[in-house]
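*Asks:* Next up is a structure, given as structure tokens.
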Amino acid sequence: MVGQADESGNEYQATESPVSWEQRFWQFSQDVAGTLLRPAETLRDIGRREAIISALALVVLFSGISVVTQLVSWVLSTTGIAGFDSPAMPYADQSIAATQLTGILWGVVWAPVAWTLMAVALYAAAYFLGGRGRFAAVWAATGFALTPQLIVAPLTGVNQMLGVLGTGWQLFGWIVLLPATVGAFIWTVVLSMIAIRETMGLSTGRAIGSLAILFALILMIVVLIVCLVGMMFVALGLVRGS
Amino acid sequence: MQLRWVGAIVIGLVLLTTVACIGGIVLIGVTQSDTPGGDHVAVINVHGQITTRAPEGLFATGGASAERIIDQLEQAGENSSVKAVLLHVDSPGGAVVPSQQIHDAVVRVRDGGTPVVAYFGNSATSGGYYVSAPADLIVANAGTITGSIGVITQVPNLEDLYDKLGIEMQTITTGEYKDMMQPARPLTEEEREIIAEIQEESLDDFVDAIVSGRDLDEEEVRELADGRIFTGQQGVENGLVDELGDYRDAVRLTGELADLGDDPDVREYTQTQDFWDLVLGGGVDGSGISLPSIFDIDLDPRDMYLELKYGG
Chain Y
1 MVGQADESGN EYQATESPVS WEQRFWQFSQ DVAGTLLRPA ETLRDIGRRE
51 AIISALALVV LFSGISVVTQ LVSWVLSTTG IAGFDSPAMP YADQSIAATQ
101 LTGILWGVVW APVAWTLMAV ALYAAAYFLG GRGRFAAVWA ATGFALTPQL
151 IVAPLTGVNQ MLGVLGTGWQ LFGWIVLLPA TVGAFIWTVV LSMIAIRETM
201 GLSTGRAIGS LAILFALILM IVVLIVCLVG MMFVALGLVR GS
Chain G
243 MQLRWVGAIV IGLVLLTTVA CIGGIVLIGV TQSDTPGGDH VAVINVHGQI
293 TTRAPEGLFA TGGASAERII DQLEQAGENS SVKAVLLHVD SPGGAVVPSQ
343 QIHDAVVRVR DGGTPVVAYF GNSATSGGYY VSAPADLIVA NAGTITGSIG
393 VITQVPNLED LYDKLGIEMQ TITTGEYKDM MQPARPLTEE EREIIAEIQE
443 ESLDDFVDAI VSGRDLDEEE VRELADGRIF TGQQGVENGL VDELGDYRDA
493 VRLTGELADL GDDPDVREYT QTQDFWDLVL GGGVDGSGIS LPSIFDIDLD
543 PRDMYLELKY GG
């Protein structure tokens, strides 16, 4: 391992992959803090190291936190352990409970999948706008760009806890959670822009353009899904009506 | 401070908060748990007009949703820690079918071995009384308005209004009575007879529910079933109510009935709502708020166990 110092004099170990678990952890911690405090240089370095495993660990960590807290709350609710001033046993229908459980667990799978799809789309958009770089670098850097989600992940748990306390508390939880979620989303978007800029050698304007293409793509997919679902309902309505 | 330490602190705080939240959820859950020490009285509210489903949110006007109440009754019946159900009724009644459904659910809970006590607040008339009839004990305040045993059907006649507006309904039907309750014309005598027959059937069902639930003679109930209202005091005299008392008395009597003493642990069933349910009033079925619900307008002609408003 070779250490180096940044402008602030902080030790910055980044030139070789760490080998032991301890070193991996410290590198991970450094990457998390660096992404939040010095995003440009950290994301550039993460991309250069193609730290995909670390990025995956981050994504699994924040989605896992959300899933575990939801799971605990769900188990307490469905088994009737939680009290009645709460979402106690709302799932008389077992199929609804099964759907809820599947939805919660799907969160762990969905987060890495969404991150990967986002990286693919961003890489393609950046390439289209003249950027050049390795996909693995974009993949790793965009993963760490999701670091704000790690900070807001425990809020899901706080909200679940408030939900158990009662409806009024739950509303308060939502009031706190909503701006925090929106703030984390904006922060993530900014970090994603920096990630794509640093790993694909783009200007800030073109990096924003890449993100705009990504959002346009997402919007198109959403509209397509809404149209398909709408058509499905119309078709079902016609069948029932006939 | 080294960057890696900052990262470690961030990760540590995140994990610590998560563990604290999980611990908090478990702790809160366990303190209200279905454990041997957690025996309690489950309070289920029947507040407002009885409907199949009612929007329940911040801006919703509310109502007694049969879907929600039946769900809660079933949960209470299946929970071994629930030693008695206290049905808190403050309702002018409502539609026939949801009232019958709630009534049947109360019977199932009672027959399953869980005592049911009905407490009447301001009013428990018509459907509000119907759903309470199977209770082991009915407690009402002296000034509670109850009774109103009967069935009412309201069909608006908008013929003159349509004429003024120049609207002419063009109705094509496959049978003589297919459009019998449409508001564009008055009811014919034959149609009134058809509705009266249906009402008699519903009334018979109402009377049967009281006879079997209150252990009264059919003749006695028929005498009371002329649609009149009674105070709680009068209810005690004619057998519709067992005890006079307020909510605290009802809780005490329920606790004693369930062998939980005179100060039992009471837990109120509430509806689980997510953020959008809270804001938009999706409630049980996500039906949301509609103008008719806000202005309390009933646009559908149907049989009602008398909907009554007492006072101004």
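Chains Y and G supply the protein sequences, listed in that same order. Residue 164 in the working numbering sits at position 164 of the first sequence, and the numbers go up by one each step. Each number in the working numbering corresponds to the 1-based position in the second sequence with 242 added. The beta carbon of each residue, even a glycine, is placed where N, CA and C say it ideally should be.
#1: Per DSSP, Phe362 (chain G) is paired with what?
#2: Report the neighbours of Ala250 (chain G) on chain Y: residues whose CB is nearer than 7 Å to its CB, in chain order.
#3: Can you tell me whether DSSP reads Val294 (chain G) as helix, strand or coil?
#4: So if DSSP puts Asn287 (chain G) in a beta bridge, which residue, or which two residues, is it bridged to?
#5: Nearest to Leu217 (chain Y) by CA position, among Y:Val120, Y:Phe25, Y:Val190, Y:Glu41, is which residue?
#6: Using a beta-carbon distance cut-off of less than 7 Å, what residues from the stretch 149-161 of chain Y approach chain G?
#7: Under 7 Å, Cβ to Cβ, is there at least one residue of chain G near Asp93 (chain Y)?
#8: Is there a Cβ from chain Y that is less than 7 Å from the Cβ of Gly354 (chain G)?
#9: Against chain Y, does Val256 (chain G) count as a neighbour if the rule is that its beta carbon must be under 7 Å from one of theirs?
#10: Assuming Val256 (chain G) and Leu150 (chain Y) are in contact, meaning their beta carbons sit under 8 Å apart, how far apart are those beta carbons, in whole angstroms?
#11: Roughly how many angstroms lie between the CA atoms of Asp45 (chain Y) and Val324 (chain G), to the nearest whole one?
#12: Note down, in chain order, each residue of its chain lying with its Cβ closer than 6 Å to the Cβ of Gly336 (chain G), except the 5 sequence neighbours on either side.
#13: Below 8 Å CB to CB, which residues in the same chain sit around Ile194 (chain Y) once its five sequence neighbours on both sides are set aside?
#14: What residues in its chain sit with their C-beta under 7 Å from that of Ala500 (chain G), if we drop five residues either side in the sequence?
#15: Taking 7 Å as the cut-off, decide whether the C-beta atoms of Gly474 (chain G) and Asn399 (chain G) are in contact.
#16: Could you give the distance in angstroms between the alpha-carbon of Leu202 (chain Y) and the alpha-carbon of Arg132 (chain Y)?
#17: Could you tell me whether the Cβ of Ala40 (chain Y) comes closer than 7 Å to any Cβ of chain G?
#18: Please classify Ala438 (chain G) as buried or exposed, where buried requires at least 16 other C-beta atoms within 10 Å of its C-beta.
#19: Is Glu418 (chain G) helix, strand or coil by DSSP?
#20: What residue from G:Val483, G:Arg352, G:Arg295 has the CA that sits closest to Leu315 (chain G)'s CA?
#21: Starting from Gly389 (chain G) and walking both ways along the beta strand (DSSP E), at which residues does that stretch end?
#22: Helix, strand or coil for Thr259 (chain G)? Go by DSSP, reduced to three states.
#23: DSSP three-state call for Ser322 (chain G): helix, strand or coil?
#24: Just to confirm, are Ala184 (chain Y) and Val152 (chain Y) a CB contact at a threshold of 7 Å?
#25: Using a Cβ-Cβ cut-off of less than 9 Å, list which residues of the stretch 469-503 of chain G approach chain Y; keep chain order.
#26: Are there 16 or more other CB atoms within 10 angstroms of the CB of Glu198 (chain Y), so buried, or fewer, so exposed?
#27: Whose C-alpha, out of G:Ile267, G:Gly249, G:Val268, G:Ile286, is nearest the C-alpha of Gln30 (chain Y)?
#28: Listing by chain order, which chain Y residues have their CB less than 7 Å from the CB of Thr294 (chain G)?
*Replies:* Per the coordinate set shown:
#1: Paired residue(s): G:Val331, G:Ala382.
#2: Correct list: Ser29.
#3: Reading the sequence as shown, one finds Thr at residue 294 (chain G) and not Val. In the structure shown, Thr294 (chain G) sits in coil (DSSP, three-state: anything other than H, G, I, E or B).
#4: Per DSSP, G:His330.
#5: For Leu217 (chain Y), the nearest C-alpha among the options comes from Y:Val120.
#6: Within the stretch 149-161 of chain Y, the residues whose Cβ lies closer than 7 Å to some Cβ of chain G are Leu150, Ile151, Ala153, Pro154, Gly157, Val158, Gln160, Met161, listed in chain order.
#7: Any reading at Asp93 (chain Y) must be qualified, since the residue scores a pLDDT of 46, below 50, and its modelled position is unreliable; no value is offered.
#8: With 7 Å as the cut-off, Gly354 (chain G) does not count as an interface residue toward chain Y.
#9: Yes, Val256 (chain G) counts as interfacial toward chain Y.
#10: The pair is a contact, with the Cβ atoms about 6 Å apart (cut-off 8 Å).
#11: Rounded to the nearest whole angstrom, the CA to CA distance from Asp45 (chain Y) to Val324 (chain G) is 60 Å.
#12: So the qualifying residues of the chain are Gln291, Ile292, Thr293, Gly369.
#13: The beta carbon of Ile194 (chain Y) is closer than 8 Å to those of Pro39, Ala40, Leu43, Ala145, Ala207 in its chain, skipping five residues each way along the sequence.
#14: For Ala500 (chain G), the CB contacts under 7 Å within the same chain, skipping 5 residues up- and downstream, are Val283, Lys325, Ala326, Pro357, Pro506 in chain order.
#15: Not a contact, by the Cβ cut-off of 7 Å.
#16: Taking the straight line from one Cα to the other gives about 8 Å.
#17: Residue contact check for Ala40 (chain Y) against chain G: no CB pair falls below 7 Å.
#18: Counting Cβ neighbours within 10 Å, Ala438 (chain G) comes out exposed, since fewer than 16 surround it.
#19: DSSP places Glu418 (chain G) in the coil class of the three-state scheme, outside both helix and strand.
#20: Comparing Cα-Cα distances from Leu315 (chain G) to each of G:Val483, G:Arg352, G:Arg295, the minimum goes to G:Arg352.
#21: Gly389 (chain G): member of the beta strand (DSSP E) spanning 387-389, first to last residue.
#22: Per DSSP, reduced to three states, the secondary structure at Thr259 (chain G) is helical.
#23: The DSSP-derived three-state label of Ser322 (chain G) is coil.
#24: The Cβ-Cβ distance between Ala184 (chain Y) and Val152 (chain Y) falls below 7 Å.
#25: Listed by position along the chain: nothing, the set is empty.
#26: With 16 or more other Cβ atoms within 10 Å, it is buried.
#27: It is G:Gly249.
#28: Result: empty, since nearest Cβ-Cβ is about 16 Å, beyond 7 Å.
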